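Q: Under UniProt numbering, think of the first position of the sequence shown as 1, with each following residue one higher.
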Amino acid sequence: MASYRPKKVLVTAGSMHDGAITLATLGTLLSWYRSLFKGFVKNSAGVALVSAAVEVIKIATGGASSSLGLTFTDASGEYGVSLPTLLGTAKYRFDYYDTPN
1 MASYRPKKVL
11 VTAGSMHDGA
21 ITLATLGTLL
31 SWYRSLFKGF
41 VKNSAGVALV
51 SAAVEVIKIA
61 TGGASSSLGL
71 TFTDASGEYG
81 VSLPTLLGTA
91 KYRFDYYDTP
101 N
């Protein structure tokens with residue numbers, strides 16, 4: 001079984017509303033109060049990682065965190081997930097897990 005090592009991206013409520021998200025694109029599904037996050041997972045050489053795990057973690061205003069689930073990258077290293085739109089100071093964190101070289 002493969003072992004994975006984590007990498008992280010943090011998305012804040014403020015960045016969700018101004019569209020400035022690093023390593024991910026954002027589309028808002030206003031009628032459902034949801035946001036679409038789409039990104040790529042690449043190694044340090046810029047090569048797409050196929051079947052890498054991406055865990056989505058919500059960090060509440062008080063700092064408590066909860067895992068919302070996992071998704072995996074496709075053959076081009078791309079993933080996408082629809083999440084509730086954040087308000088206030090809550091954050092989403094995306095932890096990427098790839099296989100060691």
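For glycine and all other residues, C-beta sits at the position ideal for the given N, C-alpha and C. Only a predicted model underlies this, so the values are computations on that prediction, with no experimental measurement involved.
(1) Which residue marks the beginning of the beta strand (DSSP E) containing residue 81, and which one marks its end?
(2) So what does DSSP say about residue 70, is it helix, strand or coil?
(3) With a Cβ-Cβ cutoff of 8 Å, do residue 106 and residue 47 count as a contact?
(4) When we look at the beta-carbon of residue 73 and count the other beta-carbons within 10 Å, is it buried (16 or more) or exposed?
(5) Determine, for residue 37, whether the minimum Cβ-Cβ distance to residues of chain B falls below 8 Å.
A: Taking the structure as given:
(1) Position 81 of the sequence shown holds residue 81. Run containing residue 81: 78-84, per the beta strand (DSSP E) assignment.
(2) Taking the first residue of the sequence shown as 1, we reach residue 70 at position 70. In the structure shown, residue 70 falls within a strand segment according to DSSP collapsed to helix, strand and coil.
(3) Since the displayed the chain opens at 1 and closes at 101, residue 106 lies outside it and no answer follows.
(4) Within the sequence shown, residue 73 is the residue found at index 73, counting from 1. Label assigned to residue 73: buried.
(5) Among the chains in the structure shown there is no chain B, since it carries only a single protein chain.
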